[in-house]
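Colleague: Numbered according to our numbering, the sequence shown spans residues 403 to 510.
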Amino acid sequence: MTEANTGDANEAVYAQLRQIYDPEIPVNIVDLGLIYDVAVEGPNCTVTMTLTSQSCPEAKTIPDMVRRRANTVDGVEETTVDIVWEPAWGPHRITEEGRKILGIDEEE
Numbered sequence: 403m404t405e406a407n408t409g410d411a412n413e414a415v416y417a418q419l420r421q422i423y424d425p426e427i428p429v430n431i432v433d434l435g436l437i438y439d440v441a442v443e444g445p446n447c448t449v450t451m452t453l454t455s456q457s458c459p460e461a462k463t464i465p466d467m468v469r470r471r472a473n474t475v476d477g478v479e480e481t482t483v484d485i486v487w488e489p490a491w492g493p494h495r496i497t498e499e500g501r502k503i504l505g506i507d508e509e510e
């Protein structure tokens with residue numbers, strides 16, 4: 403996979419991850435700020451992410467959905483999902499699009 407193709411693959415993975423929603427919040431996990439990094443190298447993809455809290459009831463389900471969605475991208479055969487707790491997730495990580503959906507002003 404060339405560097406240009408790698409960038410395309412990264413964007414394709416992000417597009418797939420935008421189809422996954424936290425069941426308690428009507429914003430996809432990318433715009434919610436849960437995805438910290440996507441790295442596609444050849445057939446391997448690594449997604450570094452967090453959850454809204456360490457006691458998240460979807461702590462197994464969401465990473466499984468991430469793995470399945472990322473594996474649908476052409477050229478991606480194996481996806482590893484790394485859950486990290488630092489930096490901690492907070493509402494400041496929500497994108498502008500996510501803030502619009504939630505009705506959150508930038509000052510909040």
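The C-beta atom is built at its ideal place from N, Cα and C for all residues, glycine as well. The model shown is predicted, which means the values in this text are computed figures rather than measured ones.
Go ahead and pull the three-state DSSP assignment for I464.
Modeller: The residue given as residue 464 occupies position 62 in the sequence shown. In this structure, I464 counts as helix in the three-state DSSP scheme.
Colleague: As a quick exercise: from T481, L434, L419, pick the residue whose alpha carbon is nearest that of S455.
Modeller: Locating residue 455 in the sequence shown gives position 53, where the first residue counts as 1. With distances taken between Cα atoms, S455 lies closest to L434.
Colleague: Could you name each continuous beta strand (DSSP E) segment of 3 residues or more that falls completely within the region 428–484, going from the start of the chain to the end?
Modeller: The region 428–484 contains these whole beta strand (DSSP E) runs: 437–443, 446–451.
Colleague: Based on Cα-Cα distance, which residue from V468, C458, G505, D507 lies nearest to R420?
Modeller: Here residue 420 is taken as the residue at index 18 of the sequence shown, counted from 1. Comparing Cα-Cα distances from R420 to each of V468, C458, G505, D507, the minimum goes to V468.
Colleague: Since V535 contacts Q418 with CB under 8 Å, what's their CB separation in whole angstroms?
Modeller: The question about residue 535 has no answer, for the chain in this structure spans 403 to 510.
Colleague: Counting only the same chain and skipping the five closest in sequence on each side, list residues whose C-beta sits under 8 Å from that of E479.
Modeller: In the sequence shown, the residue the question calls residue 479 occupies position 77. Contacts found: P445, N446, N473.
Colleague: Contact check, V449 vs V440 under 8 Å by CB: the rounded distance?
Modeller: The residue you call residue 449 lines up with position 47 of the sequence shown. The residue you call residue 440 lines up with position 38 of the sequence shown. The Cβ separation is near 5 Å, so the contact holds.
Colleague: Quick check: the Cα distance between T497 and G505, rounded to an integer number of angstroms?
Modeller: Here residue 497 is taken as the residue at index 95 of the sequence shown, counted from 1. Here residue 505 is taken as the residue at index 103 of the sequence shown, counted from 1. So the two alpha carbons sit approximately 12 Å from each other.
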